[in-house]
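Residue numbers (the numbering used here): 1129 to 1834.
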Ligand code: ARG
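Right, here's the structure in full:
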């Protein structure tokens, strides 16, 4: 023995694999040999005994994992934070360890009941004493970390474990003397890896590969320059040697069957206090409120998943379940995140799905002033498509011009406070912009079970499902019905269409929709107009004969001839007036005063004089034409449809038709109930749609006759 370093161990008298609480134990129940375990344990004991003091705690019957003394608690100086085991299988160990610590003069701290924390298995001191690394994700709860910081007066760095094979921090992470760190990065999430990289310089990080990781090379006991472990590859041993460490291997395979090795079998009980460190817990908590059909709509699951996937943890403080089928439920949830930036990210996603931060907490949103035209303050809140409210003078104020990806500008007017969405480029110096995530809520329509499943009366868009071929006809019937309703009440339908509409023979059907008053605005690019006009003038679309379905010799030149003719006339309307264009979608638009906007792009031929090549102007045109829309039909045009989606607030029904399921998913996946995707050929879709509308008209006329 050469030092005053002291460890606590527990002989394996009652050791066995009796149950399964981690993946290593699976398939190993009662498969370990007691004799071999004893021999291996003694091997480790002797190695440590030669180099340090080893105390023993009496093994007890019925708690076979008590050999893993690392999980007894977390020691710093004369204090110990006792473990609260996550699994009931190990909770029986708690009183034995508690008694040992008390008998040995430690001040014992106990966490609240139901707040799991598994001691030095999940909390490892930096060997220079600068801070405490603490794991969470499987056994220990993130909410325990602030207690550690407070009681032990030390900075706690929270690391999130992601791989269930490495369920305790000490299975994949081992701080070494001199600021070195032996660890397996894939066991952690990206945030944690970044934190590790920020604290430990590259030359001090010793990354192990999977082979060493699964042999528990990181589950090592470090005494100054000696590292005791189950096994390491030659490569790892050499690397450690070159850094001045001596690796001592001792087989612990019987304990690997329970998911533990050298480090787990020991608890260092002399952890001297080092000067200079200070208690900082970066862990943050906040309470949010959820209200609505939380179970029916899956909102509660979405919220909790989002918190965990975002790297946080939660505690449900309150859950009031609506008793009647149509009464809403409410929940109060405490969200905990390891750091401020993680919290901000989680909170903004929670706001997106309709959560509110405690309103009494915030009377006014934090605002920051725009210092440069067109540039928002760094921390500005990015808007969504959902109706949003912000806190001004202790009241909720509805944001105007709601759209996605904007900033919220708050101003005081003689009529009271005003909040509105602005695009970055429209921000002016001096504008006051909402920053952070305090005092913001989105108002989501609460959907009951009935609303989600009914498809009677009003039009129901069947969730935001993407329909398969079989459902196309059913969907077309519903859309036709809705188009009819909107027309009858003088509502507004906007069509966004790509050139595929023309190539697939949809021109005549879309023309009919325009002619019969089903379309109030048409949005597209240069190409749809070019090919529509090419077809009207020359009978081809991109050189294909649309009647016979074959390509015409020299046909690829047709569309340029068409462009040229329109250019001579000055614009499409003139070309129609002068009789150059006598049919087609744009002919009908001109004839029936349906406004259209063509947004240009880098690939445009010509372009047509009507095509707006100033994209900011084009976006403004689009957004003006979308205003007040009841429904938007997106027909095989990915780029222009995405553009439209971004400027459309929630509440507008959107139908996206494309032959490519990926496009449909992308467009209809706005998390809003009103969007519907249809995967099919757009020409076919339009022909079914007009057929159905004709049928409806027939039925109406017939009804009027009788
Ligand atoms: N079977 C034990 C468990 O799953 C093994 C504990 C290993 N200890 C450790 N500090 N990693 O709890």
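Note that the Cβ used here is the ideal one computed from N, Cα and C, for glycine as well.
A Cβ-Cβ distance of about 6 Å is found for the pair residue 1411 and residue 1466, placing them in contact under the 8 Å criterion. Taken through DSSP and simplified to helix, strand or coil, residue 1259 comes out as coil. Going by DSSP, residue 1163 is part of no beta strand (DSSP E) but of the alpha helix (DSSP H) stretching over 1162-1177. Annotation: the segment 1650-1731 contains the following complete segments of the alpha helix (DSSP H) (minimum length 4 residues), in chain order: 1654-1666, 1686-1697, 1700-1705, 1713-1719.
Residue 1274: member of the alpha helix (DSSP H) spanning 1273-1280, first to last residue.
Membership of residue 1207 in the beta strand (DSSP E) is indicated by the continuous run 1207-1210.
Around residue 1203, the same chain offers 1397, 1399 as residues with beta carbons nearer than 6 Å, after the five sequence neighbours per side are excluded. In the structure shown, residue 1781 adopts extended strand secondary structure according to DSSP, grouped into three states. A heavy atom of ligand 1 is found nearer than 7 Å to the CB of residue 1149.
In the structure shown, residue 1385 falls within a coil segment according to DSSP collapsed to helix, strand and coil. In the three-state reduction of the DSSP assignment, residue 1417 falls in the strand class.
Spatial neighbours of residue 1664 in its own chain (CB-CB distance under 7 Å, excluding positions within 5 residues in sequence) are listed in chain order as 1709, 1710, 1711, 1712, 1715. Judged by DSSP in its simplified three-state form, residue 1137 adopts strand. Of the heavy atoms belonging to ligand 1, at least one sits nearer than 7 Å to the Cβ of residue 1296.
Going by DSSP, residue 1229 is part of the alpha helix (DSSP H) stretching over 1222-1231. Residues 1625, 1626, 1627, 1629, 1630 of the same chain have their beta carbon placed closer than 7 Å to that of residue 1656, with the five preceding and five following residues left out of the count.
Membership of residue 1513 in any alpha helix (DSSP H) is not indicated, and neither H nor E is assigned to it by DSSP. For residue 1196, the shortest C-beta to heavy atom distance toward ligand 1 is below 7 Å. Nearest Cα to residue 1371 within the set 1402, 1354, 1787, 1808: 1354. The three-state secondary structure of residue 1540, taken from DSSP, is strand. Per the DSSP secondary-structure output, residue 1803 pairs in a beta bridge with 1782.
Less than 8 Å separates the beta-carbon of residue 1197 from that of residue 1393. For residue 1754, the secondary structure class from DSSP, reduced to helix, strand or coil, is helix. About 18 Å separates the Cβ atoms of residue 1209 and residue 1135, ruling out a contact at the 8 Å cut-off. Closer than 7 Å to some heavy atom of ligand 1: that does not describe the Cβ of residue 1302. The C-beta distance from residue 1728 to residue 1654 rounds to 6 Å, short enough to fall under 8 Å. As the crow flies, the alpha-carbon of residue 1791 is around 11 Å from that of residue 1808. At least one heavy atom of ligand 1 falls within 7 Å of the beta-carbon of residue 1218. Taking residue 1243 as the centre and dropping the five residues before and after it, the same chain places the C-beta of 1212, 1269, 1271, 1272 closer than 7 Å to its C-beta, in chain order. Taking 8 Å as the upper bound for CB-CB distance, residue 1814 and residue 1637 are in contact here, some 4 Å apart. The Cβ atoms of residue 1561 and residue 1495 sit closer than 8 Å to each other. By the criterion of a C-beta distance shorter than 6 Å, residue 1149 is surrounded in its chain by 1215, 1217, once the five residues flanking it on both sides are discounted. Setting aside the 5 residues that flank it on each side, residue 1482 is surrounded in the same chain by 1570, 1572, each with a C-beta closer than 6 Å to its C-beta; the list follows chain order.
Residue 1303 has 1309 as its beta-bridge partners, per DSSP. Fewer than three beta-carbon pairs drawn from the segment 1164-1181 and the segment 1426-1434 are found closer than 8 Å, and the two stretches are therefore not classed as touching. Proximity of the beta carbon of residue 1193 to ligand 1 is indicated: a heavy atom of the ligand is located closer than 7 Å.
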